[in-house]
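Chains as they are written, first to last, in my numbering: chain A, 58 to 219; chain B, 125 to 318.
Below, the structure is given as structure tokens:
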């Protein structure tokens with residue numbers, strides 16, 4: 058499971074669609090998907106209101122710490138985290154063992170509804186993830202990382218020229 | 125484990141600053157943050173104690189520009205250096221692409237440097253990485269202090285595979301970007317090789 062994850066336009070669009078539908082179905086403000094290393098994959102909703110890069114890395118840190126806690130007491134994982142605020146709440150769940158689905162919602166929705174809709178959306182996202190993984194294996198690592206296969210020393214130096 | 129996003133045409137890379145407590149890992153990140161263009165950088169997040177000791181991690185996202193039409197985003201993390209935060213250090217090394225080891229040049233901290241380096245090797249191994257193979261740069265920080273150990277002594281003690289090594293005074297910025305560049309280059313070369 059330590060392989061690189063490569064996402065193409067097609068999968069990106071399918072995942073974005075799933076997130077959009079989840080946002081509507083769950084009446085949520087923001088839905089987004091990050092990988093366990095804190096890298097943002099896709100999002101839906103009023104994302105311009107928050108710093109998504111920070112949100113992604115803190116979510117991953119949060120999940121990693123919680124995973125650590127789970128192992129300490131002999132649990133495999135805590136698959137759902139929920140943070141309740143005065144106005145806004147955050148629902149965090151693990152999808153397909155390597156992705157984290159985050160739903161931010163307020164009083165227009167409820168924890169029960171969010172949990173229900175998240176469960177359904179997770180199945181869809183897991184499906185896309187599995188396809189991405191099997192595609193990566195078929196295509197092979199060499200071709201999948203093609204934009205960098207031909208990178209030259211000059212390209213790399215140019216990044217650090219200033 | 126870098127993440128290549130063809131849809132957004134960007135590649136995300138994770139670099140971790142490791143080293144003994146109070147060695148200057150956070151200071152490295154703060155300097156990079158201060159000196160980068162506003163459009164290049166995101167927020168610097170520090171999860172620290174009330175006395176400004178790193179509790180979990182510092183995080184700084186940095187855009188270095190495009191390679192072959194792909195945006196390169198570097199996610200820089202520090203670990204908490206204090207010995208008893210080992211469980212947190214292990215977590216932060218997950219999915220790492222490159223490591224910077226920030227060593228403290230003060231004579232009194234030599235044992236702490238060696239211990240932290242050993243700890244890095246062990247925690248990398250637990251995460252499925254090998255320090256010998258991973259993109260890696262070494263920094264001798266605090267060269268301005270009167271108790272700084274001579275560079276060649278430090279080199280003999282801490283450099284183990286001829287990795288790029290830099291003298292630094294992170295509070296003044298000396299050697300900070302040089303170290304970052306050295307590890308970032310190796311990560312990009314590694315991506316090409318894969």
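Using N, Cα and C, we set each Cβ at its ideal position, and we do this for glycine too.
Using a Cβ-Cβ cut-off of 8 Å, residue 90 of chain A does not count as an interface residue toward chain B, since no Cβ of chain B sits closer than that to its own. Closer than 8 Å to the CB of residue 189 of chain A there is not a single CB belonging to chain B. Under DSSP, residue 261 of chain B shares a beta bridge with B/224. Taking the Cα of residue 163 of chain A as reference, the smallest distance to any Cα among A/98, A/64 and A/144 is reached at A/144. Per DSSP, the unbroken beta strand (DSSP E) holding residue 197 of chain B starts and ends at 194-202.
In the three-state DSSP reduction, residue 150 of chain A falls in the strand class (E or B). The C-alpha of residue 176 of chain B lies about 41 Å from the C-alpha of residue 209 of chain A. The continuous alpha helix (DSSP H) containing residue 128 of chain A extends over residues 109-129. Checking the DSSP bridge columns, you'll see residue 139 of chain A partnered with A/148. The beta carbon of residue 63 of chain A sits closer than 8 Å to some beta carbon of chain B. Each of B/196, B/141 and B/147 was checked against the Cα of residue 181 of chain B, and the nearest Cα belongs to B/141.
When the five nearest sequence neighbours on each side are left out, the beta carbons in the same chain lying within less than 7 Å of the beta carbon of residue 169 of chain B are those of 182 and 183, in order along the chain.
Nearest neighbour of residue 109 of chain A by Cα position, chosen from B/167, B/179 and B/173, turns out to be B/167. Residue 258 of chain B and residue 81 of chain A have their C-alpha atoms roughly 43 Å apart. When C-beta atoms of the segment 130-146 of chain A are compared with those of the segment 66-78 of chain A, fewer than three pairs fall below 8 Å, so the two segments do not count as touching. Sequence-distant Cβ neighbours of residue 189 of chain B in its own chain, meaning closer than 7 Å and more than five residues away, are 196.
By the C-beta density criterion, residue 215 of chain A is exposed, having fewer than 16 other C-beta atoms within 10 angstroms. When secondary structure is reduced to three states using DSSP, residue 92 of chain A falls in the strand class. Residues of chain A with a Cβ closer than 7 Å to the Cβ of residue 185 of chain B are, in chain order, 110. Using a Cβ distance threshold of 8 Å, residue 91 of chain A and residue 137 of chain A do not count as a contacting pair. A distance below 8 Å between beta-carbons, with the five flanking residues on each side excluded, links residue 124 of chain A to the following residues of its chain, in chain order: 134 and 135.
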